[in-house]
Ligand code: 9D3
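Numbering (my numbering), first residue to last: 1 to 231.
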């Protein structure tokens, strides 16, 4: 799978993908990730990527023309209908549908090429969304300074689901989110740390009792922190 990120801050991504599973997936040739400077597709002397909003208002809006040129050169077309079936062009914006595990899994399964447009300023000219974009995506209900941190989250969540990216021993853990409970609490040595003890049952070797404790502890954690997942 290929990820191409269109951004005015390509340096933001200099080392962020050089760690862990995402790094291993790149080294193994399962994925390639490249950040592209939107200004490379400007044609004016000052490499201007933004302009004032029609109708007035604060802030600036990303102009359509450099983004259309960037998508045309990276996706081979500048209209949704003309992309290859396995190409997705994703606009990261606060107005998008909220990223979840199901969307990450769908992208990992059905996409071969993901072009990501990371917005900045007050937004992006709507003709980008209406003509170029296959998916408009937010990463949650909080305000970021731009789409770049969201691009990191999106690439990470998709890359680790690509077959071969995870060791087989960890792949089963993936399913816990779709099963609707948070992970249970985990402990390692020492059994007593600063007066705090590891739950006795985990030291017994009684696997049936341990499984029961883990289910109950996961349910309790979910009730406390994410009651919405139990509905
Ligand atoms: C909704 C806030 N907007 C109303 C005035 C202003 C605005 C805030 C932040 C416009 C753009 C941004 C930049 N954010 C993103 O580009 C973004 C984002 C986010 O802020 N939260 C969650 N997911 C995402 S994906 C891209």
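Beta carbons: idealized from backbone N, C-alpha and C, even for Gly.
What number of angstroms, rounded off, separates the C-alpha of residue i from the C-alpha of residue j?
i, j, result
"residue 38", "residue 66", "7 Å"
"residue 13", "residue 19", "12 Å"
"residue 42", "residue 157", "31 Å"
"residue 80", "residue 94", "21 Å"
"residue 165", "residue 25", "5 Å"
"residue 260", "residue 78", "This structure cannot settle anything about residue 260, because the visible part of the chain is limited to 1 through 231."
"residue 209", "residue 1", "42 Å"
"residue 82", "residue 109", "21 Å"
"residue 111", "residue 31", "12 Å"
"residue 174", "residue 58", "Reliability fails at residue 174, whose pLDDT of 49 lies under 50, so the model's placement of it is uncertain and no value is given."
"residue 113", "residue 104", "14 Å"
If you follow the beta strand (DSSP E) that residue i is part of, which residue opens it and which one closes it?
i, result
"residue 66", "First-last for residue 66: 64-75, but that is the alpha helix (DSSP H), not the beta strand (DSSP E)."
"residue 91", "87-98"
"residue 6", "2-7"
Please determine whether the Cβ atom of residue i lies at a distance below 7 Å from any heavy atom of ligand 1.
i, result
"residue 93", "yes"
"residue 49", "no"
"residue 57", "no"
"residue 144", "yes"
So, is residue i buried or exposed, given that buried needs 16 or more other C-beta atoms within 10 angstroms?
i, result
"residue 115", "buried"
"residue 3", "buried"
"residue 89", "buried"
"residue 172", "Bear in mind that a pLDDT of 43 at residue 172, under 50, signals an unreliable position, so the number given afterwards is only what the model happens to contain. Classification for residue 172: exposed."
"residue 52", "exposed"
"residue 76", "exposed"
Could you give the residue range of the alpha helix (DSSP H) that holds residue i?
i, result
"residue 156", "148-159"
"residue 216", "207-225"
"residue 27", "20-27"
"residue 109", "101-110"
Practice task
Answer yes if the region 121-140 comes into contact with the region 84-100, meaning at least three C-beta pairs across the two stretches below 8 Å, and no otherwise.
Solution key: As far as the Cβ criterion goes, the region 84-100 touches the region 121-140, which means the pair count is three or higher.
Problem - Three or more C-beta pairs below 8 Å linking the region 117-124 and the region 178-193 - result: Between the region 117-124 and the region 178-193, the count of C-beta pairs closer than 8 Å stays below three; the two stretches do not touch.
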